[in-house]
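Novice: Numbering (numbering that gives the first Met the number 0), first residue to last: 0 to 250.
Glycine included, every Cβ here is placed at the ideal spot set by N, Cα and C.
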Amino acid sequence: MSKVVLVTGATSGFGRETVKIFANDGCKIIAIGRREKKLEELKSELKGCDIHTITLDVRDKIKVFKEIKNLPSMYKNIDILVNSAGLALGLEKAPDALLDDWEVMIDTNIKGLLYITKAVMPIMIERKSGYIFNLGSIAGNWPYEGANVYGSTKAFVQQFSLNLRNDLKGTNIRVSNIEPGFSKTEFSNVRFKGDDKKADAIYDGLQPLVGKDIANLIFTLSKLPLHVNVNTLEVMPTAQTWAGFALEKDC
Ligand code: NDP
Ligand code: 8X3
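1. Using 10 angstroms around the beta-carbon of Y130, count the other beta-carbons present and answer buried if the total reaches 16, otherwise exposed.
2. When the Cα of A198 is compared with those of E185, L208 and F21, which residue comes out closest?
3. In the region 69-107, which residue ranges form an unbroken beta strand (DSSP E) of at least 3 residues, counting only runs that do not cross its ends?
4. In the DSSP output, which residue or residues are listed as bridge partners for I50?
5. Would N140 and E102 be called neighbours here (beta carbons separated by less than 8 Å)?
6. Quick check: what's the CA-CA separation for L113 versus D203?
7. Taking a cut-off of 5 Å, which residues have a beta-carbon closer than that to any heavy atom of ligand 2, in chain order?
8. Among the residues of its own chain, which have a CB less than 8 Å from the CB of N230, if the five just before and after it don't count?
9. Assuming L98 and V189 are in contact, meaning their beta carbons sit under 8 Å apart, how far apart are those beta carbons, in whole angstroms?
10. Return the chain-ordered list of same chain residues with a C-beta closer than 6 Å to the C-beta of G8, the five sequence neighbours on each side being excluded.
11. What separation, rounded to the nearest whole angstrom, lies between the Cα atoms of M104 and T170?
12. For R126, which residues does DSSP report across the bridge?
13. Can you give me the C-alpha to C-alpha distance between G193 and K127, rounded to a whole angstrom?
14. Which first and last residues belong to the beta strand (DSSP E) in which S43 is found?
15. Which residues in the same chain as V209 place their Cβ atom closer than 6 Å to its Cβ, once the five residues preceding and following it in sequence are excluded?
16. How would you write the range of the beta strand (DSSP E) that N176 sits in, first residue to last?
17. Along the beta strand (DSSP E) that carries V4, what are the first and last residues, could you check?
18. Using CA coordinates, which residue listed in V3, G180, K117 and G145 is at the minimum distance from K92?
19. Can you confirm whether the region 43-56 touches the region 146-154 when touching is taken to mean that 3 or more C-beta pairs between the two stretches lie within less than 8 Å?
20. Starting from E16 and walking both ways along the alpha helix (DSSP H), at which residues does that stretch end?
21. Expressed to the nearest angstrom, what Euclidean distance is found between the alpha-carbon atoms of K37 and T10?
22. So, is S43 buried or exposed, given that buried needs 16 or more other C-beta atoms within 10 angstroms?
23. I'd like the span of the beta strand (DSSP E) that includes L55, first residue to last.
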């Protein structure tokens, strides 16, 4: 039987490519995002595939639970959950960052991911089967200037993923935290609030990861034997390495 795959953040980037790879493998897809038009475009691009779209803001707790509860019967038994919805807003250092931006990141990257996961988990537990992929980030592992709250939300996602593994022992449910580095998606367009020139410029002159790279990894992990669980997977473009520690003299 074909698997049911729920993907948040399906309108762009990693989520969109993940939908495509699983849909083309014959899976039934639940695609979630806020931009209805993008969901419709995806659906027509994947004509002939089973795609159920839901226009949903993952921060809307009540609607999240309602939508999962009211899924059409052929999409009810979710096998794979990919929590890709998320964002960074701004790259200012903490004193200059906007409190409102911090709250949006916390509400989306942490609370939104929790709502979806909490709504989907019982379906997997009942069937003693399932795979949860969370999109963490290298920013959850390594600090860099301006990553303050964004990086902290991803550190939460990493620790939550590991704790889920523990709490779900005995259920056969697998959990992987995928931790990509520098990747060209709409991520920087969103981070720089629509300044597309600035967003494009940061990818100039090097080969970043792209949505397909991460979708391929998720797809590959999903095909591993059921007794194999990859806990965390940190992946960077070859062109990205670490900056090292900074020392400040005479301050
Ligand atoms: P994109 O901006 O291309 O995609 C983000 C997706 O999240 C969009 O589909 C967007 O859809 C959705 N989204 C954002 N806010 C909400 C919300 N409140 N409710 C529902 N959906 C929402 O970025 P990426 O694909 O790169 O990012 C996907 C995930 O990967 C994020 O969690 C990001 O933090 C993480 N990540 C990204 C990296 C990168 O460098 N690109 C590296 C490491 C991790 P819509 O606007 O339609 O709602
Ligand atoms: C996105 C990766 O390094 O731009 O999570 O923060 S990074």
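Specialist: On the basis of the coordinates in this document:
1. buried
2. E185
3. 79-82
4. I28
5. no
6. 35 Å
7. S136 and A138
8. S160, L161, R164, V174, S175 and N176
9. Actually they are not in contact, since the Cβ atoms of L98 and V189 sit about 18 Å apart, beyond 8 Å.
10. G14, S83 and A84
11. 31 Å
12. Paired residue(s): none; R126 is not in a bridge.
13. 43 Å
14. Counting along the chain, S43 falls outside any beta strand (DSSP E), though it belongs to the alpha helix (DSSP H) covering E35 to E44.
15. K183
16. I172 to P179
17. V3 to T7
18. G145
19. no
20. G12 to A22
21. 5 Å
22. exposed
23. Unbroken run through L55: none, as it is neither H nor E.
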